[in-house]
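Chemist:
Number of protein chains: 2
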Amino acid sequence: MQKERVVIIGSGPAGLTAALYTGRAMLNPVVIAGSQLGGQVAITADVDNYPGFPEGVTGPELVQKMAEHAEKFGARIVMDEVTEVDFLHGSPFRVKTYEQEFLADSVIVTIGARARRLGIPGEEENIGTGTSYCGTCDGFFFRGMDITVVGGGDSAIEEAIFLTKFATSVNIVHRRDELRAGKQLQERAFRNPKIRFTWDSALEEIIATDDPTVSPKITAVRIKNLKTGAETTDATRGVFIFIGHDPNSEVFKGQLASNDSGYVLTDELMRTNVEGIFAAGEIQDEVWRQVATSVGQGTSAAMSAIQWLSAREGDLQPLGELSAEEVAATQPQASTN
Amino acid sequence: MQKERVVIIGSGPAGLTAALYTGRAMLNPVVIAGSQLGGQVAITADVDNYPGFPEGVTGPELVQKMAEHAEKFGARIVMDEVTEVDFLHGSPFRVKTYEQEFLADSVIVTIGARARRLGIPGEEENIGTGTSYCGTCDGFFFRGMDITVVGGGDSAIEEAIFLTKFATSVNIVHRRDELRAGKQLQERAFRNPKIRFTWDSALEEIIATDDPTVSPKITAVRIKNLKTGAETTDATRGVFIFIGHDPNSEVFKGQLASNDSGYVLTDELMRTNVEGIFAAGEIQDEVWRQVATSVGQGTSAAMSAIQWLSAREGDLQPLGELSAEEVAATQPQASTN
Numbered sequence: 001m002q003k004e005r006v007v008i009i010g011s012g013p014a015g016l017t018a019a020l021y022t023g024r025a026m027l028n029p030v031v032i033a034g035s036q037l038g039g040q041v042a043i044t045a046d047v048d049n050y051p052g053f054p055e056g057v058t059g060p061e062l063v064q065k066m067a068e069h070a071e072k073f074g075a076r077i078v079m080d081e082v083t084e085v086d087f088l089h090g091s092p093f094r095v096k097t098y099e100q101e102f103l104a105d106s107v108i109v110t111i112g113a114r115a116r117r118l119g120i121p122g123e124e125e126n127i128g129t130g131t132s133y134c135g136t137c138d139g140f141f142f143r144g145m146d147i148t149v150v151g152g153g154d155s156a157i158e159e160a161i162f163l164t165k166f167a168t169s170v171n172i173v174h175r176r177d178e179l180r181a182g183k184q185l186q187e188r189a190f191r192n193p194k195i196r197f198t199w200d201s202a203l204e205e206i207i208a209t210d211d212p213t214v215s216p217k218i219t220a221v222r223i224k225n226l227k228t229g230a231e232t233t234d235a236t237r238g239v240f241i242f243i244g245h246d247p248n249s250e251v252f253k254g255q256l257a258s259n260d261s262g263y264v265l266t267d268e269l270m271r272t273n274v275e276g277i278f279a280a281g282e283i284q285d286e287v288w289r290q291v292a293t294s295v296g297q298g299t300s301a302a303m304s305a306i307q308w309l310s311a312r313e314g315d316l317q318p319l320g321e322l323s324a325e326e327v328a329a330t331q332p333q334a335s336t337n
Numbered sequence: 338m339q340k341e342r343v344v345i346i347g348s349g350p351a352g353l354t355a356a357l358y359t360g361r362a363m364l365n366p367v368v369i370a371g372s373q374l375g376g377q378v379a380i381t382a383d384v385d386n387y388p389g390f391p392e393g394v395t396g397p398e399l400v401q402k403m404a405e406h407a408e409k410f411g412a413r414i415v416m417d418e419v420t421e422v423d424f425l426h427g428s429p430f431r432v433k434t435y436e437q438e439f440l441a442d443s444v445i446v447t448i449g450a451r452a453r454r455l456g457i458p459g460e461e462e463n464i465g466t467g468t469s470y471c472g473t474c475d476g477f478f479f480r481g482m483d484i485t486v487v488g489g490g491d492s493a494i495e496e497a498i499f500l501t502k503f504a505t506s507v508n509i510v511h512r513r514d515e516l517r518a519g520k521q522l523q524e525r526a527f528r529n530p531k532i533r534f535t536w537d538s539a540l541e542e543i544i545a546t547d548d549p550t551v552s553p554k555i556t557a558v559r560i561k562n563l564k565t566g567a568e569t570t571d572a573t574r575g576v577f578i579f580i581g582h583d584p585n586s587e588v589f590k591g592q593l594a595s596n597d598s599g600y601v602l603t604d605e606l607m608r609t610n611v612e613g614i615f616a617a618g619e620i621q622d623e624v625w626r627q628v629a630t631s632v633g634q635g636t637s638a639a640m641s642a643i644q645w646l647s648a649r650e651g652d653l654q655p656l657g658e659l660s661a662e663e664v665a666a667t668q669p670q671a672s673t674n
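Those protein sequence lines, which keep their order, are chains G and X. Sequential numbering from 1 applies to the first sequence in the working numbering. Sequential numbering from 338 applies to the second sequence in the working numbering.
1) What residues in the region 382 to 405 of chain X bring their beta carbon closer than 8 Å to a beta carbon of chain G?
2) Taking one C-beta from the region 489 to 504 of chain X and one from the region 529 to 547 of chain X each time, how about it: are there three or more such pairs within less than 8 Å?
3) Can a CB atom of chain X be found closer than 8 Å to the CB of T17(G)?
4) To the nearest angstrom, how far is the alpha carbon of W536(X) from that of S310(G)?
5) Going along the region 152 to 169 of chain G in order, which residues come within less than 8 Å of chain X, judged by CB to CB distance?
6) Starting from the C-beta of D434(X), find all residues in its chain whose C-beta is less than 8 Å away, skip the five residues before and the five after it, and write them out in chain order.
7) Where in the region 99 to 161 of chain G do unbroken runs of the alpha helix (DSSP H), each at least 4 residues long, occur, reported from the N-terminal end onward?
8) Restricting to Cα atoms, I'd like to know which of I614(X), E398(X) and T447(X) is closest to D385(X).
9) For the alpha helix (DSSP H) containing Q2(G), name the first residue and the last one.
10) At a CB-CB cut-off below 7 Å, which residues of chain X make contact with M367(G)?
11) Does any C-beta atom of chain G lie closer than 8 Å to the C-beta of Y435(X)?
12) At the level of alpha carbons, what is the spacing between L269(G) and A301(G)?
13) Using DSSP with H/G/I as helix, E/B as strand and the rest coil, what is P584(X)?
14) Quick one: list the residues of chain G neighbouring F477(X), beta-carbon separation under 7 Å, in chain order.
15) Kindly list, in the order they appear in chain G, the residues whose Cβ is closer than 9 Å to that of T630(X).
16) Determine, using beta carbons only, whether F479(X) and G375(X) come nearer to each other than 8 Å.
17) Given this structure, state the Cα-to-Cα distance separating Q592(X) from F424(X), to the nearest angstrom.
18) Given that S310(G) touches chain X, what residues does it touch there, using C-beta distances under 9 Å?
19) Nearest CA to the CA of V752(X): which residue from L563(X), A661(X) and G427(X)?
20) Please tell me whether V264(G) and Q284(G) are closer than 8 Å, where the distance is taken between their beta carbons.
21) Quick one: list the residues of chain G neighbouring K409(X), beta-carbon separation under 8 Å, in chain order.
22) Relative to the C-alpha of T550(X), which candidate in I448(X), T466(X), L659(X) and R454(X) has its C-alpha closest?
23) Report the rounded CA-to-CA distance for V486(X) versus E462(X), giving the unit in angstroms.
24) Quick one: what's got a C-beta closer than 7 Å to M145(G)'s C-beta in the same chain, skipping five residues either side?
25) Residues in its own chain within less than 7 Å of A355(X) by CB, not counting five upstream and five downstream?
26) Taking 8 Å as the CB-CB limit, is P13(G) close to chain X?
27) So which residues of chain X does L20(G) contact, with C-beta pairs closer than 7 Å?
28) Ignore the nearest five residues each way along the sequence and tell me which others in A642(X)'s own chain have a CB closer than 7 Å to its CB.
29) Look at E568(X) and I560(X) and say whether their C-beta atoms are less than 8 Å apart.
30) Mind checking which residues open and close the alpha helix (DSSP H) that includes E405(X)?
31) Of the choices L353(X), V378(X) and A382(X), whose alpha-carbon is the least far from that of P366(X)?
32) What is the C-beta distance between Q100(G) and Q2(G), in whole angstroms, given that I count them as a contact (C-beta under 8 Å)?
33) Based on DSSP bridge pairs, tell me the residues matched to L88(G).
34) Using DSSP with H/G/I as helix, E/B as strand and the rest coil, what is E282(G)?
35) Helix, strand or coil for G633(X)? Go by DSSP, reduced to three states.
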């Protein structure tokens with residue numbers, strides 16, 4: 001077992017930023033990257049709205065730059081996934097991965113969230129080339145095009161209205177014959193001449209071209225009326241799916257306080273309910289979900305962790321590989337909190 | 338008078354990010370940049386901790402990139418300073434500069450703060466080459482060097498302790514013979530073998546070399562004992578000055594709610610007390626003060642402004658140059674809020 005000052009769980013913008021900041025504070029952080037370095041950004045084709053890149057940057061490029069930046073200041077990135085944690089017995093905390101176990105004086109949780117998928121043919125293949133889960137991020141790419149929105153809640157309708165700034169028309173496909181969204185929002189959507197509704201219906205398939213000169217690649221969607229069973233094909237260039245997000249908080253269940261949707265609760269200093277555990281990025285953010293906001297939160301979480309560790313510097317146990325006796329000895333200490 | 342959807346006051350990372358986001362939302366924002374495009378970052382030599390730039394980036398370069406990025410999406414940057422605002426009569430708000438007057442449906446205030454200066458010879462000239470007002474930002478550049486800290490409050494002592502991670506020694510020069518900082522923090526400083534104190538003393542001068550091969554440039558400080566009048570010269574490579582910050586909020590006095598130190602108050606959606614006025618960056622942040630956190634806040638403020646405007650889209654008055662009659666007509670409407 002390896003003793004560390006800071007273990008960062010997750011390697012999206014929040015995690016890599018926390019790594020950069022704790023690295024520059026000479027804390028030599030470990031980043032447990034998960035199955036994919038960079039998280040959701042790694043599968044984003046173009047990041048057009050991270051300030052400082054006027055020409056835009058691809059998701060994988062931005063991840064590479066952020067990882068290199070953190071590593072330059074001593075961050076160690078481990079391609080492994082957390083399988084179990086013990087946060088209940090206070091610092092130092094145990095963090096288990098498939099391959100290793102860490103004992104960490106502090107932990108920064110940045111393990112993100114994932115947009116719910118429809119699970120239909122053509123969806124995953126066209127992420128970044130026509131399928132999107134974020135209007136703020138991708139709306140600009142669909143100027144002058146006809147697009148399709150799936151969903152009927154507040155955020156689906158809010159995003160659909162926002163997308164009319166760019167799109168020529170927005171077809172909202174909804175499983176039921178009324179919206180869950182608030183009345184005022186509904187009325188704004190009904191009044192908007194660019195928005196039409198396809199009720200009682202679901203997407204069956206997203207159809208794309210393989211012509212490499214065409215961008216975005218999506219050309220149509222196949223829509224099924226759930227009441228009549230009738231199928232239609234509707235020309236469209238973009239499919240925006242707003243049916244919710246799920247935070248990746250299962251592994252912390254019962255240990256970190258979360259809201260009803262599973263988002264980890266943090267205060268304004270990015271502290272969780274467990275002293276010494278901090279969180280940043282979409283694991284604790286249902287509102288903003290931007291690279292830029294996750295970077296800001298990762299900075300704050302790291303600065304809070306640095307200050308928390310600094311105040312306890314005299315009491316912290318030594319770092320490095322622990323012997324079997326040392327591992328055993330940490331256990332009673334671990335329960336004193 | 339020019340009618341606008343969004344006027345952004347200030348052009349640091351928060352302002353340029355808000356411009357990028359409102360620009361991408363097709364709101365064609367105006368940025369009133371102030372006397373220097375980029376604010377405090379423009380006078381920062383190296384920004385080592387803005388994620389995505391592993392080789393580092395100079396302050397002026399980063400400002401240039403962020404400005405170009407915002408302009409690419411339609412932001413119009415005006416090199417002028419705000420002299421007067423009317424936020425008290427509701428939206429649309431009047432914003433006056435030396436050269437122009439704007440009528441803005443919404444305003445994002447990102448006008449920043451400034452670190453208090455000692456006002457001694459050698460101080461301004463060496464900002465970025467040895468003089469610093471931010472340990473988190475610049476500590477890493479002083480690894481293995483002797484440095485000087487000025488101040489005796491909580492943040493001065495917290496920063497001095499943080500700087501011992503990098504520096505060989507830290508000399509805290511303080512005007513009095515005791516610290517204002519909290520007892521626990523004081524004790525940590527007193528116990529720290531790298532920290533020494535020079536009591537009842539003030540810096541008189543910062544001395545630097547003009548040898549272009551030497552970095553940082555500072556070589557010594559001249560210190561005066563305020564009780565005895567005795568002067569000494571102390572070798573040092575960095576001078577960190579932590580005597581407080583002042584938010585640039587004078588122009589909003591009596592219109593935007595602020596705390597005792599003058600920082601504009603915002604809620605978690607970056608809203609001020611005036612509906613339609615948002616704020617981001619150091620004008621409302623006494624805690625983090627990082628490029629990365631200001632970028633995050635600028636994003637949030639812009640997204641809130643976009644949503645606020647979107648909900649009122651039907652009621653907003655047309656844009657563009659107003660005639661004298663239209664200007665007159667805005668005044669009664671302006672007071673309805």
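Positions of the beta carbon are idealized from the N, C-alpha and C atoms, including for glycine.
Modeler: In terms of the structure at hand:
1) D385, N386, Y387, P388, G389, F390, P391, V394, L399, K402, M403 and E405
2) yes
3) yes
4) 24 Å
5) E158, I161, F162, K165 and F166
6) The residue you asked about is not Asp; residue 434(X) is Thr in the sequence shown. So the qualifying residues of the chain are I369, V415, D417, E418, V419 and T420.
7) 135 to 138
8) E398(X)
9) Unbroken run through Q2(G) is the beta strand (DSSP E), Q2 to I9; no alpha helix (DSSP H).
10) Since the first and last residues shown for chain G are 1 and 337, residue 367(G) lies out of range.
11) no
12) 7 Å
13) strand
14) R24
15) V295, G296, Q297, T299, S300 and M303
16) no
17) 6 Å
18) E495, I498, F499, K502 and R525
19) Outside the modelled stretch of chain X, which goes from 338 to 674, sits residue 752(X), for which no answer is possible.
20) yes
21) P54
22) T466(X)
23) 18 Å
24) A167, T168, R237 and G238
25) I345, I445, T447, A617, G635, A638 and A639
26) yes
27) N386 and P388
28) V343, T359, S443, I445 and F615
29) yes
30) G396 to K409
31) L353(X)
32) 7 Å
33) Answer by DSSP bridge pairing: none, since L88(G) is not bridged.
34) helix
35) helix
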